[in-house]
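Chains as they are written, first to last, in my numbering: chain A, 1 to 550; chain B, 551 to 856.
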Amino acid sequence: MPNLTKPFKPSAPVLAVDDLRVAIHGREIVHGVSFEVPDGGCLGVVGESGSGKSLTVLSATGLLDIPGASVSGSSRLGGAEGDVRDRVEIVGASRRTLRSVLGRRVGFVFQDPGTSLNPLLTLERQLTEGPEQHLGMTRRAARQHALDLLDAVGVPDPADRLHSYPHQLSGGQRQRVMIAVALACDPDLLIADEPTTALDVTTQAQVIDLVRSMQADRGMGVVWISHDLGVIGQVADEVTVLRQGEAVERNDTLGIFDAPQHDYTRLLLDARPVLGHPRRMPEPAPQPLVGVEDLHVTFTQRADSGTRRILAVQGVSFEVPRGTTLGIVGESGSGKSTIAGVLTRQTPADSGSVRLGDVDVLAAKGKEGRDLKRRIAMVFQDPFAALNPRATVSRSISEPLRVHHLLPKRDVDGRVRELLELVELPADFAERYPHQLSGGQRQRVCIARALACDPDVLILDESTASLDVSIQAKVIDLLLRLQAELELTYLFIAHDLAVVEQISHEVLVMHRGRAVEHRSSAELFADPREGYTRSLLAAIPPVRPRAALG
Amino acid sequence: MTDAIETRQDPADDVVPVAERGPGTLRLLLRNPVSLVGSVVLLVVVLAALVGPWIAPYGVNDTDVSRALQGPSGAHWFGTDDLGRDVFSRVLVASRVSVEVALVSVGIALVVGVGVGLVSGYLGGITDGVLMRVVDVVFAFPVLLLALAIVAVLGPGLTSAMIAIGVVYTPIFARVARASTLSVRSEPYVQASRTMGTGNTYVVWHHVLPNISGPVIVQTSLSLAFAILSEAALSFLGLGVQPPRPSWGRMLFDAQDFVGVAWWLSVFPGAAILLTTLAFNLVGDGLGQVLDPKRRTQLAAQAGGR
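Take a look at the structure:
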């Protein structure tokens, strides 16, 4: 047994990891991490991307599959009640041993429910695979078991759903199914690797509740990996903070929140988006720059069963004064991004009017139309996909300049340097390629590109949603500074109200294509009127960890 | 100033030199032993194609019946054929025909095929439907049958062989290019570019083309190899290069009567085809890796070179 200075619970740990080291091609990436998962308890592993949290947990459970990787140290999977016969050493175990353990005694839930379920198999096939393999269940028994599981994870109409394919479910439901698959063999240990990062806040709250209740019902241990201490506070009993492959702090959740010992832990705590920290005061409204009136957008979807009309946006109106931010919030599918599409003229509108200053956005043609594309720029959600992997940073940033022929060729390099400086990146980044940058750096490049032509309006479509919380906070600082310096007008589209509160002057809440609430940020957060707004607010992980509430 | 703690994204990140540019494309290519060997072979073949007629020890059509069907020796490295012609000289000189056919015919297929594929995949809709059905029709014919038909119309000869092979390979390029274009077209960076008001030509040229280059390069190197084989097959059937001009395929054709008595007649031209096609493939693979910025960083890191 590893030497543990601070025993957490008297019962034997489900997983005991001692001095785990992972090296890839001889370079050590995880430097001797130790932790224990108490039986029936939840260990939170927190750190930002690249801190080695997934690498650590995956190698501790024998799932690491990277050529040239070598794992040393020890990781022992103890049986329930610490039965010595059930004890398995994972590090260095044979494939045969691993096969008998994975799925049977350890279940996994990954970040993206869209890709971790097999799109070609029905839910029944995916749910019965484990029990038939490991528990020797018959088809019929496994089927009944699958039904019970779907019911347990709260998928409506399990009997019908059994024959569905993953694409027929929403993101949140898919993650529920993924959890059901992970629980199919009644494992002692559940590994959840950023299971809510790809979901919106309301769904995140539901998944957190689901995993907690499953944990309580089945008495299994859980390892929850996340970059967001706010989420960890809601699920974990004990927290390990990882930074660059080292465990910098280990404590129970209350201790981490109330008495953080390490600077890095404090930094992660401060970076959490929490409510009640508005940075924006309502200002006397100057002339509106963007005006949208009674906007309607419908899509036609052709399927074998006939065409279907989807009312994406129904009668939305708003105005945004110059130099201010309008936050647009709502769940995925609420029509937020459709509004961005109309403003950038990628999506045709059915009716209504959209104005930028005194230009009619929907009707503009020729030079006026081209000018609009210069005046309205957009920053996308995923900085990994929004940059051409074959173009250098300099080429990407200068693209709008070249497209609009705004500068003579010899001045382009100077402008690129200027823009890099504006987004706080060193000038030598110009010759790098996107894959050589981190997520936050890439998003800065995207912002620099959007700013290249001196736009009036910047549409930020979930631009901070896929970043780590610590980096998200910095990007928001940058956006606030840029707005003050350049008098930019922002349309900030997001599903996370805590982030929206920090940056917005006014907030528009969208639900199923309609604007349900549109007020100044201060009023809305102080006194949400609509039930839907309140449910969005309630979904945000609170400042205090769950443990503090007793 | 940059964020101190957000510099580490993936392990490759901190291996990358910050300010320096990586080693040049050619140096990186030649650092890989496999590509190096391929490049050397290819260089020899190209040199032979360029200066072959001048360095060949004997004339390609100098017959000497008294020395017919002699095995390899000091005087005739690759032996002599049934008319007493020096096989080494003929293999050397024939390399020009083979390289020419390969480059020209694949050039035709590449330009036309990628063009059709790009337009088809990028525009989609009716254009895509019409273009791809035409491509399907061409694709449906067996390769040699189509080449035979084209040669029959144009008359046998080197030019018609090149055109025929070019036409035969066009659908393959069109399909590869279209499939890749379809996936690249929906990438967020293409959408991002559109929101800036970028024209179609710019998007295709700067975003789509570089990102479909991987599969296209692999297809090109494969096709170069197959074009040499197709030329050999056409010449073998007497429809390609006409005698007395030597070509590797023609030599194989002539050698079939003597397979039992004079192995060198078929082995040496055959080996020339094998080596050249292999070299094209190896260099194509290496090039595909080196031109991809991501693979390139990994290669530079593995080699430990800056």
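Note that the Cβ used here is the ideal one computed from N, Cα and C, for glycine as well. Being a predicted model, the structure only gives us computed values, none of them experimental.
Taking C-beta separations shorter than 6 Å and ignoring five residues to either side along the sequence, arginine 519 of chain A has no partners in its chain.
When Cβ-Cβ separations below 8 Å define contact, proline 67 of chain A makes no contact with chain B.
At least one beta carbon of chain A lies nearer than 8 Å to the beta carbon of proline 738 of chain B. With its beta carbon at least 8 Å from every one in chain A, arginine 640 of chain B lies outside the interface.
Apart from the 5 residues on each side of it in sequence, glutamate 293 of chain A sits with its Cβ closer than 7 Å to the Cβ of Ser317, Gly352, Ser353 in its chain, given in chain order. In summary, serine 470 of chain A is buried, with 16 or more beta-carbon neighbours lying within 10 Å of its beta-carbon over all protein chains present.
For the region 740–754 of chain B, the set of residues with a beta-carbon nearer than 9 Å to any beta-carbon of chain A comprises Val740, Gln741, Ala742, Ser743, Arg744, Thr745, Met746, Gly747, Thr748, Gly749, Tyr752, in chain order. Nearest to glutamine 436 of chain A by alpha-carbon distance, out of A:Leu422, A:Pro389, A:Val416, is A:Pro389.
Across the region 574–588 of chain B, no CB contact with chain A closer than 9 Å is found for any residue.
Burial state of glutamate 485 of chain A is exposed, judged by a 10 Å Cβ sphere holding fewer than 16 other Cβ atoms.
Boundaries of the alpha helix (DSSP H) harbouring glutamate 418 of chain A: 409–422, taken from the DSSP string. Among the CB atoms of chain B, one or more fall inside 8 Å of the CB of valine 403 of chain A. The alpha-carbon separation between arginine 250 of chain A and leucine 190 of chain A amounts to approximately 20 Å. At least one CB atom of chain A sits nearer than 8 Å to the CB of threonine 847 of chain B.
A straight-line Cα-Cα distance of about 19 Å links aspartate 19 of chain A and glycine 50 of chain A. Note that the C-beta distance between arginine 444 of chain A and leucine 478 of chain A is below 8 Å.
Across the region 338–352 of chain A, CB contacts with chain B closer than 7 Å involve Thr344, Gln346, in sequence order along the chain. When only Cα atoms are considered, glycine 788 of chain B and aspartate 804 of chain B end up about 10 Å apart. Within the same chain, and ignoring the five residues on either side of valine 833 of chain B in sequence, the residues whose Cβ sits closer than 7 Å to its Cβ are Ser585, Gly588, Ser589, Leu592, Ser771.
One alpha carbon belongs to aspartate 527 of chain A, the other to proline 541 of chain A, and they sit about 19 Å apart. For the C-beta of asparagine 761 of chain B, the chain A residues within less than 8 Å are, from N- to C-terminus, Asn388, Pro389, Arg390.
For proline 721 of chain B, the closest Cβ of chain A is not nearer than 8 Å.
Take the alpha-carbon of valine 664 of chain B and the one of threonine 720 of chain B: they are about 8 Å apart. Look at phenylalanine 110 of chain A: its C-beta is not under 8 Å from any C-beta on chain B. Residue range 325–329 is occupied by the beta strand (DSSP E) that includes glycine 327 of chain A, with no alpha helix (DSSP H) assigned at that position. For glutamate 246 of chain A, the enclosing beta strand (DSSP E) has its first and last residue at 246–252.
The straight-line gap separating the alpha-carbon atoms of serine 710 of chain B and isoleucine 658 of chain B is approximately 12 Å.
Residue range 675–690 is occupied by the alpha helix (DSSP H) that includes methionine 682 of chain B.
Between glutamine 126 of chain A and proline 195 of chain A, the gap from beta carbon to beta carbon reaches 8 Å or more. As a beta-bridge residue in DSSP terms, proline 13 of chain A pairs with A:Pro38.
Nearest CB-CB separation between proline 794 of chain B and chain A: not below the 8 Å threshold.
Excluding residues up to 5 positions away in sequence, Leu802 lie with their Cβ nearer than 7 Å to the Cβ of glycine 820 of chain B in the same chain. Segment contact: the region 487–501 of chain A against the region 454–463 of chain A, three or more CB-CB distances shorter than 8 Å; contact assigned.
Proline 765 of chain B is outside the set of residues whose beta carbon lies under 8 Å from a beta carbon in chain A. Within the same chain, Val177 come within 7 Å of leucine 169 of chain A by CB-CB distance, once the 5 residues on both sides are set aside.
Residue burial is scored here from C-beta neighbours: isoleucine 605 of chain B has fewer than 16 other C-beta atoms within 10 angstroms and is therefore classed as exposed.
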